[in-house]
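Below is one structure, written out as structure tokens, with a few remarks after it.
2 protein chains.
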Amino acid sequence: MVKDFMEKYDAIVIGGGIFGLTSAYHIKRENPEHKVLLLEERGAAGQGNTAKSAGCFRAFFHSKTNLKMANSSIEFYKHIQEVEKFNLGIRWIGYLWLFDEEQFHSLEPYLKDMEPLRIEYRIVSNEEIKEKINPNMKASESGISGLRNIEIGLLVKKAGKMDVEKLVEYYESKFKSIGGKVAYGIKVNRIIVEAEEKLGLPGEPYFWQKTKATGVEVEGKIIEAEKIVVAAGVWADRLLHPLGIDTYQRAKKRQVFVVKAEGELEKLLYTRGFNAEGCLPFTILPQPRIYIKPDIDERNFWVGYADDFLRPIAIEDDPQPEENFYRYGIHPILSTYMPQFEQAKLVNSWAGQYGINTYDGQPVVFQEGGIIVATADSGSGIMKGDAIGRIVAAIYNGRREVELFGGEIFNVEDIGIEKRKVEREKFII
Amino acid sequence: MVKDFMEKYDAIVIGGGIFGLTSAYHIKRENPEHKVLLLEERGAAGQGNTAKSAGCFRAFFHSKTNLKMANSSIEFYKHIQEVEKFNLGIRWIGYLWLFDEEQFHSLEPYLKDMEPLRIEYRIVSNEEIKEKINPNMKASESGISGLRNIEIGLLVKKAGKMDVEKLVEYYESKFKSIGGKVAYGIKVNRIIVEAEEKLGLPGEPYFWQKTKATGVEVEGKIIEAEKIVVAAGVWADRLLHPLGIDTYQRAKKRQVFVVKAEGELEKLLYTRGFNAEGCLPFTILPQPRIYIKPDIDERNFWVGYADDFLRPIAIEDDPQPEENFYRYGIHPILSTYMPQFEQAKLVNSWAGQYGINTYDGQPVVFQEGGIIVATADSGSGIMKGDAIGRIVAAIYNGRREVELFGGEIFNVEDIGIEKRKVEREKFII
Chain A
290 MVKDFMEKYD AIVIGGGIFG LTSAYHIKRE NPEHKVLLLE ERGAAGQGNT AKSAGCFRAF
350 FHSKTNLKMA NSSIEFYKHI QEVEKFNLGI RWIGYLWLFD EEQFHSLEPY LKDMEPLRIE
410 YRIVSNEEIK EKINPNMKAS ESGISGLRNI EIGLLVKKAG KMDVEKLVEY YESKFKSIGG
470 KVAYGIKVNR IIVEAEEKLG LPGEPYFWQK TKATGVEVEG KIIEAEKIVV AAGVWADRLL
530 HPLGIDTYQR AKKRQVFVVK AEGELEKLLY TRGFNAEGCL PFTILPQPRI YIKPDIDERN
590 FWVGYADDFL RPIAIEDDPQ PEENFYRYGI HPILSTYMPQ FEQAKLVNSW AGQYGINTYD
650 GQPVVFQEGG IIVATADSGS GIMKGDAIGR IVAAIYNGRR EVELFGGEIF NVEDIGIEKR
710 KVEREKFII
Chain B
290 MVKDFMEKYD AIVIGGGIFG LTSAYHIKRE NPEHKVLLLE ERGAAGQGNT AKSAGCFRAF
350 FHSKTNLKMA NSSIEFYKHI QEVEKFNLGI RWIGYLWLFD EEQFHSLEPY LKDMEPLRIE
410 YRIVSNEEIK EKINPNMKAS ESGISGLRNI EIGLLVKKAG KMDVEKLVEY YESKFKSIGG
470 KVAYGIKVNR IIVEAEEKLG LPGEPYFWQK TKATGVEVEG KIIEAEKIVV AAGVWADRLL
530 HPLGIDTYQR AKKRQVFVVK AEGELEKLLY TRGFNAEGCL PFTILPQPRI YIKPDIDERN
590 FWVGYADDFL RPIAIEDDPQ PEENFYRYGI HPILSTYMPQ FEQAKLVNSW AGQYGINTYD
650 GQPVVFQEGG IIVATADSGS GIMKGDAIGR IVAAIYNGRR EVELFGGEIF NVEDIGIEKR
710 KVEREKFII
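Those protein sequences? They're chains A and B, same order as listed.
Per the numbering used here: the first sequence = residues 290 to 718.
Per the numbering used here: the second sequence = residues 290 to 718.
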């Protein structure tokens with residue numbers, strides 16, 4: 290009931306996904322005396338697109354901003370699991386990109402750039418791939434245009450998967466444990482922006498008036514706050530566009546298909562020699578870059594593909610997976626590269642949406658009109674989630690620099706708009 | 290009638306605004322043997338947001354891409370009027386920015402950067418402004434927060450206004466005179482993208498299939514073309530988002546208000562000493578940057594303001610001007626800076642939309658999936674129109690470089706997405 294929340298807050302965070310949770314937690318942690326309210330439209334935290342994520346992560350990026358955000362977040366998640374002893378279900382299965390020689394050579398200059406960072410990876414030879422995974426090494430001869438041979442692999446160690454529900458639970462419980470308030474099942478209809486000095490003009494505030502975001506409207510009532518944080522994922526557009534604020538993202542549907550690891554696939558699931566888990570790493574095919582994520586707990590594989598051209602830009606409330614997308618899109622390619630998937634049995638599927646930054650593929654965090662916006666997850670929201678929350682908290686507290694977990698200093702304006710300073714990522718999926 | 294256009298074209302250009310017209314013309318000019326069809330939803334060319342433009346131009350930008358595009362286009366318009374003797378109604382009234390000292394000092398480094406370009410401008414002293422224009426020099430003392438004193442002016446010579454209808458007429462007639470075909474009153478419902486090799490799969494093409502844009506659907510019929518150019522302004526989103534292609538623009542309403550130049554305003558209209566026309570230049574107030582455009586033919590002033598925060602991002606089919614926006618938004622500020630406007634009589638108004646590139650404020654031209662897109666006019670479509678058309682024609686012909694009018698070479702990828710290379714403009718309105 291909204292009436293339970295009708296006091297005035299220092300901060301209202303809109304959106305109970307990963308960006309909203311980390312933002313709310315870090316704001317409250319840095320400002321224990323502030324009243325912080327997290328509002329989520331669904332009945333619980335992390336039920337929107339956060340829940341649809343594949344839950345994979347890697348501390349391996351060419352772009353420095355990407356790397357800083359992901360590495361510090363992953364270090365923090367590791368800390369949560371290993372030091373705080375809160376099990377996030379992290380498994381260090383690694384990422385394995387499969388390439389042909391041409392693709393690999395085009396990436397070598399970037400690997401060289403990254404040398405000073407001493408990021409652990411190893412080159413996997415043709416022979417090793419053949420021996421351990423036994424894929425079709427000659428997909429270029431399949432008759433399907435655009436497929437490439439598998440000739441070399443790049444195995445990244447500091448990478449893996451985690452249980453997103455656990456991560457949500459962690460931030461939610463921590464936030465509540467330090468006095469943060471959550472309100473679920475409550476939809477924000479609009480953000481209230483008012484003239485600081487109301488003059489009674491019809492249609493005010495006008496552009497020459499000083500304004501302030503004063504609260505949010507829910508169920509016809511106003512909940513007041515000193516500061517509003519919008520972390521509503523693809524739905525942020527609906528709150529911000531009416532205020533003239535861009536979100537710098539475009540919504541695209543993303544689907545996950547789960548197949549049973551039986552027979553040949555069971556053997557593939559327990560591929561040894563790449564990680565301590567004794568399973569296939571999170572594996573990315575040469576082209577199209579279909580990914581394969583092993584799930585040894587459930588004896589499944591998750592497969593997906595981030596299609597771009599012809600995948601409509603559209604915000605959906607309840608996106609549905611398309612079986613045909615698996616059957617005619619993913620499966621023919623997957624089983625051409627990996628014949629083990631030929632008879633794979635589809636057992637589950639779901640769809641979510643990415644808020645894609647179509648310019649540079651990285652998140653955007655900024656303040657406009659007194660509203661802090663954290664948006665454009667671009668498909669890597671989970672693995673950068675903790676850093677985003679700390680950046681939001683820094684903006685909330687008026688700081689231009691933030692110390693990410695592990696001590697690295699990050700200039701918050703680097704992922705803002707005015708002084709944005711990010712490079713396009715070279716290692717994409 | 291659509292049936293009059295049911296042949297196969299080499300190129301279909303969607304949108305009869307300035308970008309569509311210049312694109313169609315330059316494609317046809319460079320490829321006289323190609324069949325080029327221009328499709329426009331309205332009953333004539335230039336009736337969408339092109340018609341709503343203030344029709345002003347300046348060859349004065351700090352950003353090199355902005356400057357190249359505007360300068361070459363203006364040179365071409367000058368050529369049309371002076372050499373081809375087609376009257377575009379160009380009047381070199383100049384642009385006059387009014388600043389306080391602080392604003393001006395913050396721009397001085399950029400003026401210094403621009404010195405090697407030898408762009409003609411002059412500093413207008415406090416005394417000269419006072420004597421010639423007689424504004425309220427002390428708006429900062431008005432009690433309205435944010436207003437600044439007028440202390441110095443920057444007068445740009447190669448700048449002015451033109452008759453947009455004439456410009457539209459020029460490109461349309463030239464395009465038709467070399468065999469280009471136009472179809473008005475015909476709405477494109479969608480762009481057809483098909484698999485090059487159809488396999489009969491339900492829902493094809495899939496991401497692994499080679500595809501081709503093969504035509505457009507109008508009134509339930511398909512008009513085929515080898516190449517599609519989308520230059521549909523803010524409405525481009527409706528054609529491109531379903532194909533997963535971004536337009537890199539956000540639509541915002543922009544309004545023009547026309548007031549009669551009577552009494553004190555008539556004197557202001559005929560301000561001498563700034564240009565050969567003997568009228569006030571196109572003038573921009575210090576802050577908020579309301580603009581004033583003199584119209585000596587009609588004895589009017591056009592005034593407007595590009596409001597950003599709180600102006601909704603929304604595509605509209607028939608945007609309407611808001612009298613309150615003039616009355617309570619523009620007028621109080623305008624008449625504080627320029628008391629001559631106190632009793633100004635509003636005689637006309639209209640509204641259009643800009644397709645704003647919210648990242649860097651400049652147009653975007655690129656090719657994706659075989660579709661050429663020219664979009665994100667960002668409010669300077671008229672003054673860059675000719676360059677955009679030549680850039681589109683270069684992409685159409687597979688060239689990476691284009692010679693703009695006057696001989697300057699422009700790298701088309703500079704205003705694309707992948708290798709975009711533009712700087713944010715410092716001299717904005």
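Note that beta-carbon positions come from the ideal geometry of N, C-alpha and C, so glycine has one too.
Quick one: what's B:Y615 bridged to in DSSP? Within the second sequence, residue 615 of chain B is the residue found at index 326, counting from 1. Answer by DSSP bridge pairing: none, since B:Y615 is not bridged.
Does the Cβ of A:S638 have 16 or more other Cβ atoms within 10 Å, making it buried, or fewer, making it exposed? On the first sequence, residue 638 of chain A is found 349 positions in, with the first residue counted as 1. Buried.
By DSSP, does B:S462 sit in helix, in strand, or in coil? The residue given as residue 462 of chain B occupies position 173 in the second sequence. Helix, per DSSP.
Give me the residue from B:P583, B:L532 and B:A540 with the minimum Cα distance to B:L557. Residue numbering aside, residue 557 of chain B sits at position 268 when the second sequence is read from its first letter. Nearest of B:P583, B:L532 and B:A540 to B:L557, Cα basis: B:P583.
Starting from the N-terminal side, write out each stretch of the alpha helix (DSSP H) that is 4 residues or longer and does not extend beyond the region 345 to 376 of chain B. 353 to 371
Could you check if B:R561 is buried or exposed, using at least 16 other CB atoms within 10 Å of its CB as the buried criterion? Taking the first residue of the second sequence as 1, we reach residue 561 of chain B at position 272. Under this definition B:R561 is an exposed residue.
Does DSSP classify B:V711 as helix, strand or coil? Along the second sequence, one-based indexing puts residue 711 of chain B at 422. B:V711 falls in the coil class under three-state DSSP.
List the residues of chain B whose Cβ lies closer than 7 Å to the Cβ of A:N613, in chain order. Sequence index remark: in the first sequence, residue 613 of chain A carries index 324 (1-based). In chain order: P491 and G492.
What number of angstroms, rounded off, separates the C-alpha of B:V653 from the C-alpha of A:G309? As a working note, residue 653 of chain B is residue 364 in the second sequence. As a working note, residue 309 of chain A is residue 20 in the first sequence. Distance between the alpha carbons of B:V653 and A:G309 is about 32 Å.
How long is the line joining the alpha carbons of B:G618 and B:N589, rounded to whole angstroms? On the second sequence, residue 618 of chain B is found 329 positions in, with the first residue counted as 1. On the second sequence, residue 589 of chain B is found 300 positions in, with the first residue counted as 1. Each residue's Cα considered, the two are about 20 Å apart.
Is B:I680 helix, strand or coil when you go by DSSP? Start at 1 with the first residue of the second sequence, and residue 680 of chain B comes out as number 391. Three-state result, B:I680: helix.
Nonlocal neighbours in the same chain, by C-beta distance under 7 Å from A:Y559, ignoring five residues either side: Residue mapping note: residue 559 of chain A aligns to position 270 of the first sequence, counting from 1. Taken in chain order, the residues that qualify are G567 and C568.
Return yes when the Cβ of B:P494 is within less than 7 Å of the Cβ of B:A484, no when it is not. Locating residue 484 of chain B in the second sequence gives position 195, counting from the first residue. Locating residue 494 of chain B in the second sequence gives position 205, counting from the first residue. Yes; because the gap between Cβ atoms is below 7 Å, this pair is in contact.
Based on the DSSP secondary-structure assignment, which residues constitute the bridge partners of A:L635? Here residue 635 of chain A corresponds to residue number 346 of the first sequence, with the count starting at 1. Beta-bridge pairing links A:L635 to A:V548.
Taking only beta-carbon atoms, is A:K446 less than 7 Å away from chain B? Against the first sequence, residue 446 of chain A aligns to sequence position 157. With 7 Å as the cut-off, A:K446 does not count as an interface residue toward chain B.
Output, in sequence order along the chain, the residues in the region 419 to 452 of chain B whose CB is closer than 9 Å to any CB in chain A. I433, S434, G435 and L436
Can you tell which of A:H351, A:I441 and A:K401 has the C-alpha that lies nearest to the C-alpha of A:W745? Outside the modelled stretch of chain A, which goes from 290 to 718, sits residue 745 of chain A, for which no answer is possible.
Which residues of chain A have a Cβ atom closer than 9 Å to the Cβ of B:D596, listed in chain order? For this step, residue 596 of chain B is matched to residue 307 along the second sequence. Y495, F496 and G533, listed in chain order.
Comparing C-alpha positions only, which one of B:A340, B:E712 and B:G489 sits nearest to B:M451? If you number the second sequence from 1, residue 451 of chain B lands on position 162. Checking every option, the nearest Cα to that of B:M451 belongs to B:A340.
Check whether the region 330 to 344 of chain A touches the region 640 to 647 of chain A, counting contact only when three or more Cβ pairs, one atom from each stretch, lie closer than 8 Å. yes
Among B:I307, B:F346 and B:H323, the one whose alpha carbon lies nearest that of B:E329: The residue given as residue 329 of chain B occupies position 40 in the second sequence. The candidate whose alpha carbon is nearest that of B:E329 is B:I307.
So does the region 424 to 436 of chain A actually touch the region 610 to 627 of chain A, counting three or more Cβ pairs closer than 8 Å? yes
Under 7 Å, Cβ to Cβ, is there at least one residue of chain A near B:H620? Locating residue 620 of chain B in the second sequence gives position 331, counting from the first residue. Cβ-Cβ to chain A under 7 Å: no for B:H620.
Cβ-based burial, B:L406 [other Cβ within 10 Å; buried from 16]: Your numbering for residue 406 of chain B matches position 117 in the second sequence. The residue in question, B:L406, is exposed, as its Cβ has fewer than 16 Cβ neighbours within 10 Å.
Taking 7 Å as the CB-CB limit, is B:L599 close to chain A? Position 310 of the second sequence holds residue 599 of chain B. Closer than 7 Å: yes.
So A:G658 contacts chain B; which residues on that side make the cut at Cβ distance below 9 Å? Against the first sequence, residue 658 of chain A aligns to sequence position 369. Simply F598 and L599.
What are the residues that DSSP puts in a beta bridge with A:P583? Walking along the first sequence from the start, residue 583 of chain A turns up at place 294. Looking at the DSSP assignment, A:P583 forms a beta bridge with A:F590.
For B:I602, would you say it is in contact with chain A, using Cβ-to-Cβ distances shorter than 7 Å as the test? To locate residue 602 of chain B, count along the second sequence from 1; it is residue 313. Judged by the 7 Å Cβ criterion, B:I602 is in contact with chain A.
List the residues of chain B that A:K499 touches, going by C-beta distances under 8 Å, in chain order. The residue you call residue 499 of chain A lines up with position 210 of the first sequence. Going along chain B in sequence order, the residues near A:K499 (Cβ under 8 Å) are S434 and G435.
Do B:A334 and B:V457 have their CB atoms nearer than 7 Å? To locate residue 334 of chain B, count along the second sequence from 1; it is residue 45. To locate residue 457 of chain B, count along the second sequence from 1; it is residue 168. Yes. Within cutoff.
Where A:P577 meets chain B, residues with beta-carbon distance less than 7 Å: On the first sequence, position 288 is the one that residue 577 of chain A refers to. In chain order: F496 and W497.
Going straight from the alpha carbon of B:K487 to that of B:R709, what length do you get? Within the second sequence, the letter at position 198 stands for residue 487 of chain B. Within the second sequence, the letter at position 420 stands for residue 709 of chain B. For B:K487 and B:R709, the distance between alpha carbons rounds to 34 Å.
Flag this pair as yes or no: are the beta carbons of B:Q576 and B:R347 separated by less than 7 Å? As a first step, residue 576 of chain B must be located in the second sequence, where it is residue number 287. As a first step, residue 347 of chain B must be located in the second sequence, where it is residue number 58. Against a cut-off of 7 Å, the Cβ pair of B:R347 and B:Q576 comes out as no contact.
Interface residues of chain B around A:Q592 at Cβ under 8 Å? For the purposes of this step, residue 592 of chain A is taken as the residue at position 303 of the first sequence. Checking the sequence, you will find Val at residue 592 of chain A rather than Gln. Going along chain B, no residue has its Cβ under 8 Å from A:V592, so there is no contact; the nearest lies around 14 Å.
Residues of the region 470 to 482 of chain B with Cβ closer than 9 Å to any Cβ of chain A, in chain order: V482
Hey, is the region 656 to 666 of chain A in contact with the region 514 to 521 of chain A, meaning 3+ C-beta pairs nearer than 8 Å? yes
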